[in-house]
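Chemist: Numbering (the numbering used here), first residue to last: 80 to 254.
Dropping the structure in here first, questions after.
This is the structure we're talking about:
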């Protein structure tokens, strides 16, 4: 199983993190937390969280306050290409294909006039997982290629918003 190792600077703490790309789980392998005068270190502690969920809550003492943070760092890989010679009459968001998919899928959409287009990905609980597109697009039809290499299997929703148009569709990632 391939894992990505990264360092995260989190409230003054340097953390070595192991990322399992198939489950979107993050595990802290080693940590150093400090409040200026003292530090707590160790390799025997593990904190596991899912992308987008809170890593810690709010806790405080006379000398230290921890505020909530979120796991992050997922980069969604997308590319957008226009479909030539087509100018649509209205906004449109098509169902992705193939669906279910692994690891990539295509999302076709239409923009009738030059507009700012935002397309975001959400999990089943409605938490934003990432942004697929956030650009000003000229009128036309487009194919967005989405590579879901960093996401866990499951059902997700993608939502397109542009000039008063909002539409969502469901997609399923199977590993």
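We put the beta carbon where it would ideally sit given N, CA and C, even for glycine.
Note that the coordinates shown come from a computational prediction; the quantities given were computed from them, not determined experimentally.
Nearest to residue 162 by alpha carbon, out of 186, 155, 178?
Modeler: Ranking the options by Cα distance to residue 162, first place goes to 186.
Chemist: For residue 253, which residues from the same chain have a beta carbon less than 8 Å from its beta carbon, with the 5 sequence-adjacent residues on both sides left out?
Modeler: Excluding residues within five positions, the ones whose Cβ falls inside 8 Å are 179, 180, 181, 232.
Chemist: Going by CA-CA distance only, name the one from 250, 245, 251 that's closest to residue 197.
Modeler: Residue 197 has its Cα closest to that of 245, out of 250, 245, 251.
Chemist: Over what stretch of residues does the beta strand (DSSP E) that includes residue 166 continue unbroken?
Modeler: Segment: none, residue 166 is in no beta strand (DSSP E) and carries neither H nor E.
Chemist: Can you tell me where the beta strand (DSSP E) with residue 236 in it begins and where it stops?
Modeler: Its beta strand (DSSP E) spans residues 233 to 241.
Chemist: Between which residues of its own chain and residue 169 is the CB-CB distance below 6 Å, once the five residues before and five after are set aside?
Modeler: Same-chain partners within the cutoff: 191.
Chemist: As a quick exercise: from 230, 243, 229, 247, pick the residue whose alpha carbon is nearest that of residue 237.
Modeler: Nearest C-alpha to residue 237: 247.
Chemist: What residue range is occupied by the uninterrupted beta strand (DSSP E) comprising residue 189?
Modeler: Note, residue 189: beta strand (DSSP E), 183 to 190.
Chemist: If you count every other CB in all the chains shown that lies within 10 Å of the CB of residue 184, and 16 or more means buried, which is it?
Modeler: The residue is buried, with at least 16 neighbouring Cβ atoms inside 10 Å.
Chemist: Helix, strand or coil: how does DSSP classify residue 171 here?
Modeler: If DSSP states are grouped into helix, strand and coil, residue 171 belongs with the strands.
Chemist: Report the partner residues of residue 208 according to the DSSP bridge assignment.
Modeler: Looking at the DSSP assignment, residue 208 forms no beta bridge with any residue, so it has no partner.
Chemist: Label residue 209 either buried or exposed according to how many other C-beta atoms from any shown protein chain fall within 10 Å of its C-beta, with 16 as the threshold for buried.
Modeler: By the 10 Å Cβ count, residue 209 comes out buried.
Chemist: What does the alpha-carbon distance come out to for the pair residue 243 and residue 229?
Modeler: Straight-line Cα distance between these residues: approximately 31 Å.
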